[in-house]
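Inspection log for the structure reproduced underneath, given as structure tokens.
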Amino acid sequence: MYLGVDLGTSSIKLLLANQDGKIIDSASSVYTQYLPKQNWSEQNPLDWWDGFFACINSLGKRHDLEKFEALSFSGQMHGLVILDENDDVIRPAILWNDGRTSEECKFLNTLPIVDWTGNIALTGFTAPKLLWIKKHEPENFKRISKIMLPKDYLVYRLTGVFATDVSDASGTLFFDVENGCWSQLILNILGIREDQLPKIHESVDVVGTVKADIGLSPKTKVVIGGGDQAMGAIGTGTVNDGQVSISLGTSGVLFINAQHFPSENKGRLHAFRNANGQFHLMGVTLSCAGSTKWWVEDVLGRVDYSTVFADITSMPVDDLIFHPYLMGERSPINDPGAQGAFYGLNASHGQKQMTKAVVEGVCLSLLDCIKAANDCGVFPTTARVIGGGAKSFEWVQTLSDVTGLTLQTIQTSEGGALGAIILSMTACGRFSTITEGCKILINEEKIFIPDRERTKVYEDKYKKYKNLAN
Numbered sequence: 291m292y293l294g295v296d297l298g299t300s301s302i303k304l305l306l307a308n309q310d311g312k313i314i315d316s317a318s319s320v321y322t323q324y325l326p327k328q329n330w331s332e333q334n335p336l337d338w339w340d341g342f343f344a345c346i347n348s349l350g351k352r353h354d355l356e357k358f359e360a361l362s363f364s365g366q367m368h369g370l371v372i373l374d375e376n377d378d379v380i381r382p383a384i385l386w387n388d389g390r391t392s393e394e395c396k397f398l399n400t401l402p403i404v405d406w407t408g409n410i411a412l413t414g415f416t417a418p419k420l421l422w423i424k425k426h427e428p429e430n431f432k433r434i435s436k437i438m439l440p441k442d443y444l445v446y447r448l449t450g451v452f453a454t455d456v457s458d459a460s461g462t463l464f465f466d467v468e469n470g471c472w473s474q475l476i477l478n479i480l481g482i483r484e485d486q487l488p489k490i491h492e493s494v495d496v497v498g499t500v501k502a503d504i505g506l507s508p509k510t511k512v513v514i515g516g517g518d519q520a521m522g523a524i525g526t527g528t529v530n531d532g533q534v535s536i537s538l539g540t541s542g543v544l545f546i547n548a549q550h551f552p553s554e555n556k557g558r559l560h561a562f563r564n565a566n567g568q569f570h571l572m573g574v575t576l577s578c579a580g581s582t583k584w585w586v587e588d589v590l591g592r593v594d595y596s597t598v599f600a601d602i603t604s605m606p607v608d609d610l611i612f613h614p615y616l617m618g619e620r621s622p623i624n625d626p627g628a629q630g631a632f633y634g635l636n637a638s639h640g641q642k643q644m645t646k647a648v649v650e651g652v653c654l655s656l657l658d659c660i661k662a663a664n665d666c667g668v669f670p671t672t673a674r675v676i677g678g679g680a681k682s683f684e685w686v687q688t689l690s691d692v693t694g695l696t697l698q699t700i701q702t703s704e705g706g707a708l709g710a711i712i713l714s715m716t717a718c719g720r721f722s723t724i725t726e727g728c729k730i731l732i733n734e735e736k737i738f739i740p741d742r743e744r745t746k747v748y749e750d751k752y753k754k755y756k757n758l759a760n
């Protein structure tokens, strides 16, 4: 049997698969996200371990833990975990959604950071967090013996092996994405040494076996796994050159698999190493389902999304434009001060028209990311759609019409945990390649074809959307 571990921001989830890759059981455990100050977001790494241990115990009541052949990880990215020389956690982990490092990012972005790492500095990344620790908690900075990412802390506790993978390392901002190594230039600026950092592996590598006394066999292989978006891409089958997935979650994520490093990107999209041995471009919009939730639940006071969204795909496209910048915006404009707005509102517009504009605005923000990918020479024609928004026919059809892409939804909703299972099975020889595992375990559900006439209208609307944003 094989385990896929998804270490998320609010909970940890374990999926158990049989020898054929069929999901036969699961377990999950929630933990606390601490918000000690405005824009701060932290967690105790010990809570992750306790949650993992609780899930193993739960599965052990129903299955023979000795028969677990391998496990792998999908982990929340960018979080800073620091250990002292005794391997004790020095302070709570600073998470991906922590915003305290704006000044550190301003400094880093005065440097040729894109040339060194392939990405611009954003508050979510790990390097600015280290600079913040260095400035505001110098005694803690001096105690640092090991620097690691969230999933890698669990791997270290399990195996005693200090390791990470290329996809997760890509989100640190001290990893040279193009050349696949730690950037000595950035390490010098941060004031850290390479021996404080984990050894870098491909995501499918077996880094060790279980050493911790938690009931698993000491023969159980531990596959390092990857960052949540890269593993989610495997879990949707987005593994071949040019393949695309779009996640309609609280944030919107455009994920494009690429065989070669996208050197033309210039920081507009994230350029990371992928969990399948290639690269990927990734655009992240901050208020995707967040915008629809704000409109439907907070403004309209409704919870029946299907009723609120009904018939919007058959309504004519008009000039009402919504910018979904309710929390600033990340890709491709990277402006934390951007604000949401309706433009072109008049007396003819009612609830239905404004609802349609909100859904269109979210889709136009994703089209903005696609246009940035076009500038890198990437021109997708199809994409797989996942996340809560993928359950809405009206939303997915609108996205298809706005982007001009043929969209597919898939039967599974397990994402990163399924990706981790595919890596575990590939590492153990059950699949010859990751691609083979995806073909066997992932099935399409529905296909959405764009209305080409509406796509032409939306192309004009996008130009207005972009001009207003500028």
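So in this note's numbering, the last spot in the sequence shown is 760, and the numbers never skip. No residue lacks a Cβ here, since even glycine has one placed at the ideal position from N, Cα and C.
Collapsed DSSP secondary structure at residue i in the structure displayed
i       : result
Ile-423 : helix
Tyr-615 : coil
Cys-471 : strand
Lys-556 : coil
Arg-744 : helix
Tyr-321 : coil
Ser-541 : coil
Gly-517 : strand
Ile-313 : strand
Lys-327 : coil
Ile-546 : strand
Leu-571 : strand
Lys-511 : strand
Ala-631 : strand
Thr-274 : Absent from the structure is residue 274, since the part of the chain shown begins at 291 and ends at 760.
Ala-561 : strand
Thr-603 : coil
Gly-522 : helix
Extent of the continuous alpha helix (DSSP H) to which residue i belongs
i       : result
Gly-277 : Examination of residue 277 is not possible in this model, given that the chain is present from 291 through 760 alone.
Gly-705 : No alpha helix (DSSP H) holds Gly-705; DSSP gives it neither H nor E.
Arg-674 : Segment 672-676 is the beta strand (DSSP E) holding Arg-674; no alpha helix (DSSP H) there.
Thr-528 : From DSSP, Thr-528 is part of no alpha helix (DSSP H); its letter is neither H nor E.
Ser-621 : No alpha helix (DSSP H) holds Ser-621; DSSP gives it neither H nor E.
Phe-599 : 595-599
Phe-431 : 428-433
Gly-815 : Only positions 291 to 760 of the chain appear in the structure, and residue 815 is not among them; the question remains open.
Val-692 : 683-693
Lys-340 : Reading off the sequence, residue 340 comes out as Asp, not Lys. Its alpha helix (DSSP H) spans residues 335-350.
Arg-727 : Correcting the residue identity first, residue 727 is Gly in this sequence and not Arg. That run of the alpha helix (DSSP H) goes 724-731.
Chain-order list of residues whose beta-carbon lies under 8 angstroms from that of residue i (same chain, five-residue window excluded)
i       : result
Trp-338 : Leu-297, Ile-302, Tyr-321, Pro-440, Tyr-443 and Leu-444
Arg-483 : Leu-477
Gly-505 : Ile-346, Asn-347, Gly-350 and Leu-355
Gln-698 : Thr-672, Ala-673, Arg-674, Val-675, Glu-734, Glu-735, Lys-736, Ile-737 and Phe-738
Asp-388 : Asn-329, Trp-330, Ser-331, Glu-332, Thr-413, Gly-414 and Lys-419
Ile-595 : As written in the sequence, residue 595 is Tyr, which differs from the Ile given in the question. Cβ within range, chain order: Thr-582, Val-586 and Ser-682.
Gly-470 : Val-456, Ile-490 and Arg-563
Rounded distance between the beta-carbons of residue j and residue i, thought under 8 angstroms
i       : j       : result
Ser-535 : Ile-410 : That pair is no contact at about 23 angstroms.
Val-692 : Tyr-748 : 5 angstroms
Arg-558 : Ala-628 : So it is not a contact: roughly 15 angstroms between Cβ atoms.
Ala-579 : Gly-679 : 5 angstroms
Leu-689 : Leu-656 : 7 angstroms
Gly-294 : Leu-708 : 6 angstroms
Val-529 : Ile-724 : 6 angstroms
Gln-762 : Thr-603 : There is no way to answer for residue 762, as the model of the chain reaches only from 291 to 760.
Pro-622 : Gly-573 : 6 angstroms
Thr-449 : Gly-498 : 4 angstroms
Ile-437 : Leu-487 : 6 angstroms
Val-371 : Pro-335 : 5 angstroms
Ala-565 : Ala-520 : 4 angstroms
Bounding residues of the beta strand (DSSP E) (the contiguous stretch that carries residue i)
i       : result
Ser-364 : 360-365
Ser-535 : 534-538
Val-497 : 496-499
Lys-736 : 734-738
Ser-301 : 301-307
Close-in-space but distant-in-sequence residues of the same chain around residue i (CB under 7 angstroms, 5 per side omitted)
i       : result
Gly-567 : Glu-492
Val-404 : Ile-410, Lys-556 and Gly-557
Gly-465 : Per the sequence presented here, residue 465 reads as Phe, with Gly not at that position. Cβ within range, chain order: Thr-407, Ala-459, Trp-472 and Ser-473.
Gly-369 : Ala-383, Ile-384, Leu-385, Trp-386, Leu-439 and Pro-440
Asp-315 : Leu-306, Leu-349, Arg-352 and His-353
Phe-343 : Ile-504
Any non-hydrogen atom of the ligand GTP closer than 7 angstroms to residue i Cβ
i       : result
Ser-541 : The ligand GTP is not part of the structure shown, which contains no ligands of any sort.
Residues of its chain near residue i, where Cβ-Cβ distance is below 6 angstroms and the 5 sequence neighbours each way are ignored
i       : result
Gln-259 : Residue 259 lies beyond the residue range present for the chain, which begins at 291 and ends at 760; the question has no answer from this structure.
Ala-307 : Tyr-292, Ile-313 and Ile-711
Arg-742 : none
Phe-431 : Ile-423 and Lys-424
CB contact check: residue i to chain C, cutoff 8 angstroms
i       : result
Ser-604 : The structure shown contains no chain C; it holds only a single protein chain.
- Task: Jot down the residue ranges of each uninterrupted beta strand (DSSP E) in the region 357-413, minimum 3 residues, whole runs only, in chain order.
- Result: 360-365 and 371-373
- Query: Hey, which unbroken runs of the alpha helix (DSSP H) at 4 residues or more fall wholly within the region 435-491?
  - Reply: Listed in chain order, the complete alpha helix (DSSP H) runs (minimum 4 residues) inside the region 435-491 are 440-449, 456-459 and 474-480.
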